[in-house]
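Going by our numbering, the sequence shown opens with residue 188, and the numbers climb by one from there. These notes concern the structure reproduced below.
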Amino acid sequence: NEFADSSLNIMVYCFTKTTVWQEWLAVQQDVYLKIIAIVQENGADFAFPSQTLYIDDPEAAPATK
């Protein structure tokens with residue numbers, strides 16, 4: 188769907204026969220888990236966002252409680 192700062196966003200657009208919310212959630216989960224399995228079976232994986240904080244001089248940082 189789009190390239191973001193650190194990701195490739197893919198929109199999944201599908202329809203279900205059910206209008207019962209709990210059933211719809213189960214179908215949604217099943218679809219997402221199958222997508223994950225397909226990606227992993229093809230040697231790829233999903234990354235999770237992370238951040239690294241660098242402190243130049245830990246001695247100069249103010250103490251916190």
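Positions of the beta carbon are idealized from the N, C-alpha and C atoms, including for glycine. None of these values were measured; they are calculated from a predicted model.
Extent of the continuous alpha helix (DSSP H) to which Gln238 belongs:
It is not in any alpha helix (DSSP H) - Gln238 carries neither H nor E in the DSSP assignment.
Following the continuous alpha helix (DSSP H) through Ala224, name the residue where it begins and the one where it ends.
Note, Ala224: alpha helix (DSSP H), 208-228.
CB contact flag (Thr203, Val214, <7 Å):
Taking a C-beta distance under 7 Å as the contact criterion, Thr203 and Val214 qualify as a contact pair.
Identify which residue in Phe235, Tyr241, Trp211, Leu240 has its Cα closest to the Cα of Ser193.
The residue among Phe235, Tyr241, Trp211, Leu240 with its C-alpha nearest the C-alpha of Ser193 is Phe235.
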